[in-house]
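To start, the structure under review is shown below, and the notes come after it.
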Amino acid sequence: MYLFIHRKDLRTNDLRLFDVLRSANMQGLHTVILDPRLIDGRLTIHSCRNFLLQVIRLVALYRQQNRKLYLLYGDPAEVVSAIADVHPLRLTAVHADYTPYALKRDARMRHAAETAGVVWLSEDDRPLADLADFQAFTERDGPYKVFTPFYRKWNSYMRQFFRPSTEVSLTDLPESAELDRTVTERFALPPLVIDALQSLREEAESSLSAPEAQLERFVTSGALAAYSSRRDSYADIDSTSGLSRFLNTGALSARQIYQAAVGEEGSESWLRQLAWRDFYLYQAVYHEDFFRYEQLYDLGQLSDRYFEVWASARTGIPIIDAAMTQLRETGELPNRLRMITAMFLTKNLLCPFPLGEQYFRTHLADYDNTLNRGGWLWSSSLGYDPAPYFRVMNPVTQSINHDPEGHYIRQWLPELSHLSSRDLHAPRPEAIVDLKASRARAIEVYRTIVR
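Count along the sequence shown starting at 1, add 24, and that's the number in the working numbering.
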């Protein structure tokens, strides 16, 4: 018997390990373990609600395919031990994750499995390129630190060695086993989690094909073809793919998305974004400093003085306050605005990037630890291939360039909608910083930080 644990792979097809599980030809137990360390106290925030929405959708997909998915709540290593105690497990299988907490958790899970005499199998599924094979393909002594040469080699690798989606799906696996009652009772969902899942059930069950439908819409509606010219038009809700919340929870695989888009008109610009995703995952795997850059620099000149004002959308800079309002209310934020708000916090307001990183963690519906960190490192001119320390986006100029009529500001700050397009973008009288002076100060400070 095998145990398969879903994590950031909340779908029933195109999972790398399903090939292995079919070949194993044994009954299996499929679970999602809701880890208290990851969800306690977060049930109402956008990122957790999106994750739970995809979980309850996955339960419905299993039911639709006459399979059983067990939702358990508890420490994952203890769950593995408990299942191994009452079932003749021969294999525990998971798809790999790369964050510091995930690595420690998986080490404990592996120890629990192997202590019980169970084989532990962890396989990469999230990156589009097989990162270990890609690194061997590069014939480099060390990993890439700059995106452009990485991207050139990545493109070459993808043309030659891309592994397409597997055709094995849930229904190709042997019948599910029944999980022993002692385990389901010991790791039963607490009432608060049940209530959170129940509140999402109707939405989940009415959107079983939502990821695939959104992908098809993006590719066939003209949005992909126009992506290069429209991607920064953040006032246009159809200018982006809308796929990140599905990709980052694994409701869609990167392979499914790549195959649907590659070769289509205008796809190169958008597929470059998938390469950036692989670049950050690559850094998480190959650069031990990726998750601890804040420990490598002296950030003593930075402070949290303006953090709460930024987070509560009270900076007096209209595009910043509009973006932070959208984020707080919806969990959505177009990528251009993520860069603008992040650079404003770290540069103009001289706030340490981990505070903004943590805020996005709780508020982005499509939150992913590795990708979020990569974005914040870039904006704060730290890490590999970041924005130069002297790059400080002017939020007013960005607002004028990408939304001249101010439709976005009018939508999220209706109290300013009476202003003319010329006046709408400008800092308000109560603005907390002068953009020119704060830019000069940021360059001075960050020059000393990164030198």
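For every residue, glycine included, the Cβ atom is placed at its ideal position computed from N, Cα and C.
Grouping DSSP H, G and I as helix and E and B as strand, with all else coil, what is residue i?
i: I218; result: helix
i: N90; result: coil
i: L369; result: helix
i: N49; result: coil
i: H135; result: helix
i: L271; result: helix
i: N418; result: coil
i: Y97; result: strand
i: T386; result: helix
i: S193; result: strand
i: S200; result: strand
i: I424; result: helix
i: V243; result: helix
i: H70; result: helix
i: I261; result: coil
i: R129; result: helix
i: Y317; result: helix
For a test of your reading of the model: does the CB of residue i fall under 7 angstroms from any non-hydrogen atom of the ligand ADP? Yes or no.
i: F28; result: Inclusion of the ligand ADP in the displayed structure is not the case, the ligand content being empty and no account of it being possible.
Can you name the start and end residues of the beta strand (DSSP E) that residue i belongs to?
i: V457; result: Counting along the chain, V457 falls outside any beta strand (DSSP E), and DSSP gives it neither H nor E.
i: F211; result: Per DSSP, F211 belongs to no beta strand (DSSP E) and is neither H nor E.
Can you tell me where the alpha helix (DSSP H) holding residue i begins and where it ends?
i: R349; result: Sequence inspection shows Thr at residue 349; the Arg mentioned does not correspond to that position. Looking at the DSSP string, the run of the alpha helix (DSSP H) that includes T349 is 342–354.
i: G399; result: 393–403
i: T19; result: Look at the range of the chain in this structure, 25 to 475, and you will see that residue 19 is not part of it.
i: E312; result: Where E312 is concerned, there is no enclosing alpha helix (DSSP H), given that its DSSP letter is neither H nor E.
i: D331; result: The sequence as given places Phe at residue 331; Asp does not occur at that position. Residues 331–335.
i: L440; result: Unbroken run through L440: none, as it is neither H nor E.
i: P173; result: 171–185
i: S231; result: Taken as a continuous stretch (DSSP letters only), S231 belongs to no alpha helix (DSSP H), as it is neither H nor E.
i: R279; result: 278–285
i: L448; result: 445–448
i: Y408; result: Counting along the chain, Y408 falls outside any alpha helix (DSSP H), and DSSP gives it neither H nor E.
i: Y168; result: Run containing Y168: none; DSSP gives neither H nor E here.
i: S252; result: 251–254
Taking residue i and residue j to be in contact with their CB atoms under 8 angstroms, please state how far apart those CB atoms are, rounded to whole angstroms.
i: M363; j: S405; result: The pair is not a contact, with the Cβ atoms about 12 angstroms apart (cut-off 8 angstroms).
i: S263; j: R255; result: 6 angstroms
i: V416; j: I467; result: 7 angstroms
i: L45; j: Y26; result: 6 angstroms
i: Q325; j: V469; result: 5 angstroms
i: V343; j: I218; result: Reading the sequence as shown, one finds Ile at residue 343 and not Val. Incorrect: roughly 40 angstroms between the Cβ atoms, too far for contact.
i: T36; j: L194; result: 4 angstroms
i: A285; j: W178; result: About 15 angstroms separates the two Cβ atoms, so there is no contact after all.
In the DSSP assignment, what residue or residues form a beta bridge with residue i?
i: L115; result: Y26, V143
i: L58; result: Y97
i: N37; result: S193
* Specify whether the region 438–449 and the region 261–279 touch according to this definition: at least 3 beta carbon pairs, one from each stretch, less than 8 angstroms apart. => no
* Asked: Three or more C-beta pairs closer than 8 angstroms, one from the region 287–295 and one from the region 187–195: is that the case here?
  -> no
* Do the region 157–168 and the region 136–144 meet, that is, are 3 or more Cβ pairs less than 8 angstroms apart? -> no
* To do: Taking 8 angstroms as the threshold, find out whether the region 81–95 comes into contact with the region 117–134 through three or more Cβ pairs.
  => no
* Is the number of C-beta pairs between the region 242–258 and the region 353–363 that are closer than 8 angstroms three or more? -> yes
* Inter-stretch contact at 8 angstroms, needing at least 3 Cβ pairs: the region 373–393 / the region 58–71 -> yes
* Tell me, please, whether the region 101–110 touches the region 200–215 by the rule of three or more beta-carbon pairs shorter than 8 angstroms. => yes
* Inspect the CB distances between the region 51–66 and the region 28–36 and report whether three or more fall short of 8 angstroms. => yes
* To do: Mind the definition here: the region 328–336 touches the region 369–377 only if three or more C-beta pairs lie below 8 angstroms; say whether that holds.
  => yes
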